[in-house]
Amino acid sequence: MKQLPVQIIICSLLIILSLLFSQSLLAQEEILARNPAISPDGSQISFSYQGDIWVAPYEGGVGIRLTLHESYESNPVFTRDGKHLVFSGNRYGNNDLFKVDIAGTQIERLTYHSASNVNPGIQSDGTIFFNTRRAYATVEREWEIFRLDPGIKTPYRAMDALGFSPTPTENGRLIAFEKGTAPTNREPYTGPAVRNIFTYHTDREQYHQITDGEAMHVNPKWVGNTLFYLSSESGTYNLYSQEIGNNGQKRGDARQITSF
């Protein structure tokens, strides 16, 4: 586990490549894998390729195709025990959430709504937070954040705020998410719709703004009490880290990790 922050950094760098569709990768005719996710123990990487979900050793090796379907499946996230992956797929017309074991032998459908269900984030007890547009799609551009508890078939709203990419801490006390409606691929955007990172304290029902600036702040990921995210404050997406207190407020200043 001591290597996890380094692996989160590498995973985030892959996200940057996925967001920007790196021309150098295309020129070299390499595999354009998308939506990388790292396992809790840092031993495996999951990703989307050719519309299916794959898993491969973190150190390199043979990738294993976990799904094989004519639908498009993406955005895999490991469960905290590393035994399953939750992902989005449009097998039934719209994006629903599914769960597959890391051997690819069993797939379970988790959501059954006609609205899209995307961006899953998972806490240690199996509770899933995700984005959907069920009640406010006609008045807001931001999506709702829902939660699906273990053993329950019907999800419900997790908070009053709207936002993207809900990511819970391991115990689910805090949820990090993005507010702002600018598309994440608008890296140089500095207008009023920039995305910022917020936290939500689930017990106190309190919100705290973590980033504040004329830049894009996206893709929050937790490692203990440290929040990693991508920011375009330098003009290009780079990786930053921010210590977060137990109440959800930031402690000290953010630290820039990469300098692209």
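The opening residue of the sequence shown carries number 998 in this note's numbering; numbering runs sequentially from there. From the three backbone atoms N, C-alpha and C, an ideal C-beta is built for every residue, glycine too. Keep in mind it's a predicted model, so treat the numbers as computed, not measured.
Query	Result
Beta-carbon separation (whole angstroms), W1051 vs I1061, contact threshold 8 Å	7 Å
Environment of Q1103 [buried if 16+ CB atoms lie within 10 Å]	exposed
8 Å Cβ cutoff met for F1075 and S1043	yes
Start and end residues, beta strand (DSSP E) containing E1175	L1171 to K1176
Outcome for Y1197 when other beta-carbon atoms lying within 10 angstroms are tallied against a minimum of 16	buried
Pair within 8 Å by beta-carbon distance, T1181 and A1173	no
C-beta atoms of T1208 and N1193 nearer than 8 Å	yes
Contact under 8 Å by Cβ, N1128 with I1119	no
Other residues of its chain near A1112: CB distance less than 6 Å, five sequence neighbours each side excluded	T1129, R1130 and R1131
Residue nearest to V1097 in terms of C-alpha spacing, selected from S1085, T1166 and S1229	S1085
Residues of its chain near K1080, where Cβ-Cβ distance is below 8 Å and the 5 sequence neighbours each way are ignored	D1098 and I1099
C-alpha gap between P1152 and N1114, whole angstroms	11 Å
Cβ distance (whole Å) where A1212 is taken to contact E1240 below 8 Å	Their Cβ separation, rounded to whole angstroms, is 20 Å, which puts A1212 and E1240 out of contact at 8 Å.
Between the CA atoms of Y1237 and I1254 - distance to the nearest angstrom	5 Å
Outcome for I1149 when other beta-carbon atoms lying within 10 angstroms are tallied against a minimum of 16	exposed
Distance between beta carbons of V1215 and Y1204, contact taken as under 8 Å	That belief does not hold up - the Cβ atoms of Y1204 and V1215 are roughly 18 Å apart, past 8 Å.
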